[in-house]
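One structure is given here, and the rest of the page talks about it.
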Amino acid sequence: MSQPDRFEVLVLGSGSGGKLLAWHMGRAGRRTAVVERRWIGGSCRNVNCMPSKNEIHSAKVAALVRHGAEYGVTTGRVAIDMATVRDRKRKMVDHSIAAQLAHYKASGAELIMGSGRFVAPKTLAVRLNDGGTRMLVGDRVFVNIGTHAAIPSVPGLEAVPSPTSKRSSSTICRRISSCSEAATWGSNSPRPIGASVAT
Ligand SMILES: Cc1cc2nc3c(=O)[nH]c(=O)nc-3n(C[C@H](O)[C@H](O)[C@H](O)COP(=O)(O)OP(=O)(O)OC[C@H]3O[C@@H](n4cnc5c(N)ncnc54)[C@H](O)[C@@H]3O)c2cc1C
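Residue numbers (this note's numbering): 2 to 200.
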């Protein structure tokens with residue numbers, strides 16, 4: 002086996018904490034690497050917090066328009082174009098990824114795309130996404146491999162399709178109009194049990 006690459010700071014997972022730590026350490030002149038298997042910048046920016054809020058925002062606009070007459074605003078026929086809703090979200094995610102990559106470049110921290118696992122103390126074997134394996138050792142190793150959404154056992158909740166790290170809001174809200182009712186409750190307010198956002 003080849004000699005591992007040595008880093009002063011090695012981070013497994015590029016989520017919120019890991020990437021900030023890496024950029025800071027990189028800027029401070031430490032030889033730093035981050036191993037990320039899929040989501041540059043973690044799940045929040047790619048599939049969870051920001052994309053879901055982006056789509057919910059479209060749903061809020063749809064809900065406002067739908068209830069416009071109550072506010073003295075009348076419109077003609079309103080159509081919702083789901084492809085545009087998704088494109089808007091994807092553009093935001095693409096923009097976010099580009100910004101993350103610029104931070105890696107500016108900080109000098111290396112982003113290694115692949116799946117890492119510990120094979121010895123402070124030592125990772127990384128199955129690279131582009132093929133092959135790379136061995137990395139860190140003087141200091143930080144783990145930021147994230148979380149998964151859990152759906153609690155609350156009666157009636159299973160009937161409400163909700164986005165998780167594995168199930169995006171796009172798959173739930175196939176039509177934004179179906180999400181717009183949920184949006185009127187607000188993304189941070191609890192949804193009434195039994196209320197569904199599915200089509
Ligand atoms: C639909 C949805 C909406 C949400 N909205 C909000 C919100 O509005 N506000 C809020 O505060 N929270 C929200 N959350 C929760 C939030 O997304 C998570 O709490 C947060 O992303 C966790 O961040 P993290 O940095 O710990 O992990 P993550 O962002 O998950 O980062 C971990 C990274 O490690 C990588 N990784 C894991 N294992 C390996 C490995 N072996 N090798 C290489 N890489 C690996 C993963 O690919 C991932 O990119 C939401 C969650 C969901 C499901």
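Backbone N, C-alpha and C define an ideal beta-carbon position, used for all residues, glycine too. Computed from a predicted structure; not experimentally measured.
Neighbour-count burial assignment, residue i, 16 or more Cβ in a 10 Å radius
i	result
Asn1	This structure leaves residue 1 out entirely; the chain is present only between 2 and 200.
Ser108	buried
Ser53	buried
Leu102	exposed
Ala121	exposed
Phe119	exposed
In DSSP terms, what residue i is bridged to
i	result
Ser116	Arg128
Val138	Arg7 and Thr124
Leu13	Val36 and Val144
Glu56	In the DSSP output, where bridge partners are listed per residue, Glu56 has none listed.
Glu111	Ala34
Which listed residue (the options) has its alpha carbon closest to that of residue i
i	options	result
Asp6	Ile41, Val86 and Thr124	Thr124
Gly117	Ala34, Ala60 and Gly69	Ala34
Ala80	Tyr72, Arg32 and Arg67	Arg67
Gly18	Ser44, Arg32 and Arg38	Ser44
Ser15	Arg135, Val94, Trp40 and Ala103	Trp40
Arg38	Arg91, Ala121, Ala126 and Val138	Ala126
Asn49	Leu13, Gly133, Arg91 and Gly132	Arg91
Met26	Ala110, Gly73, Ile146 and His149	Ala110
Nonlocal neighbours in the same chain, by C-beta distance under 7 Å from residue i, ignoring five residues either side
i	result
Asp88	none
Leu21	none
Pro193	Legend: pLDDT at Pro193 = 29, less than 50; position of this residue unreliable, value from coordinates given subsequently. Once the five neighbours on either side are set aside, Pro193 has no close Cβ partner at all.
Pro156	none
Cβ neighbours of residue i in the same chain (closer than 6 Å, five flanking residues each side left out)
i	result
Ser181	Here the model assigns Ser181 a pLDDT of 46, short of 50, so the residue's position is not dependable, and the following value carries that caveat. Ala60, Ala63 and Ala64, listed in sequence order.
Val142	Leu11 and Lys123
Leu112	Val35 and Tyr105
Asn130	Met114 and Gly115
Thr185	Any reading at Thr185 must be qualified, since the residue scores a pLDDT of 37, below 50, and its modelled position is unreliable; the value itself is stated next. Closer than 6 Å at the Cβ level, and outside the excluded window around Thr185, lie Ala64.
Ile98	Ile41
Neighbourhood of residue i by C-beta, 8 Å cutoff - its chain only, sequence neighbours within 5 removed
i	result
Ile152	Leu158, Glu159, Ser163 and Thr165
Gln4	Met136
Closer than 7 Å: residue i CB and nearest ligand 1 heavy atom
i	result
Ala150	yes
Gly132	no
Asn49	yes
Leu13	yes
Lys61	no
Val161	no
Gly43	yes
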